[in-house]
Each structure stands twice: as structure tokens, then as C-alpha cells.
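Engineer: Got a structure for you, written out below as C-alpha cells; questions coming shortly.
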Amino acid sequence: MRRMAERKLRSRAQELYESRGQAEGHELQDWFQAEAELLKDTRLAPLYRHLRDVSQDANSPEARDEEGVSCETGT
0 MRRMAERKLR SRAQELYESR GQAEGHELQD WFQAEAELLK DTRLAPLYRH LRDVSQDANS
60 PEARDEEGVS CETGT
């Protein structure tokens, strides 16, 4: 299911890029717009929100501290 959500997000971001005539420099804007659309308009929204939250939790400073990684030194 995660791959399905990622494919849909990438596909929509590509569509947005192409709709602007493939102009460079708006990659993040395209990605965030595609993500917002996915979160708002599809049946995949609950899954994508969960995957995003799990990913953010795994990358949080608290999670790194639990793994024995210092936030200050990165070691």
C-alpha cells in the first residue's frame, strides 16, 4: 500500500511539472501540491497520513535519542 501511495504522489507531481511546461525550480511546490491533493481527495489519504506520521516519528529527535544517537553530535 505504501508503494501505491508513493506512486500516486510521484505521478501527480510529474503531471503538475508537465502542466507548467516542465519549467525548472518548482519541484517542491509540485510535490507539496500533489501531497495536499492526495491527503484531501483520495481513499489513500488515511494510509498516506499514517505513513507520513510514522516516518516523521522515526526521524524525531526523541526517536534518535532512544537509539543512542546524540542530537548534538550526531554520534
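Just so we're aligned, residue 0 is where the sequence shown starts under numbering that gives the first Met the number 0, counting upward by one. We put the beta carbon where it would ideally sit given N, CA and C, even for glycine.
Give the range of the alpha helix (DSSP H) segment to which Ala22 is assigned.
Structural biologist: On the sequence shown, position 23 is the one that residue 22 refers to. Here Ala22 belongs to no alpha helix (DSSP H), and DSSP marks it neither H nor E.
Engineer: Taking all protein chains shown into account, decide if Ala22 is buried (16 or more other Cβ within 10 angstroms of its Cβ) or exposed.
Structural biologist: Counting from 1 along the sequence shown, the entry for residue 22 is found at position 23. Under this definition Ala22 is an exposed residue.
Engineer: Decide if Leu37 is buried, meaning its Cβ has at least 16 other Cβ atoms within 10 Å, or exposed.
Structural biologist: For the purposes of this step, residue 37 is taken as residue 38 along the sequence shown, with counting starting at 1. Buried, since its Cβ has 16 or more Cβ neighbours within 10 Å.
Engineer: Using the C-alpha atoms, what's the distance from Asp56 back to Gln32?
Structural biologist: Reading the sequence shown from its first residue, position 33 is the one you call residue 32. Reading the sequence shown from its first residue, position 57 is the one you call residue 56. Approximately 22 Å between the Cα atoms of the pair.
Engineer: So what's Gly42 in DSSP terms, helix, strand or just coil?
Structural biologist: Translated into positions along the sequence shown, residue 42 becomes position 43. A small correction: the amino acid at residue 42 is Arg; Gly does not occupy that position in the sequence shown. Three-state DSSP puts Arg42 in coil, outside helix and strand.
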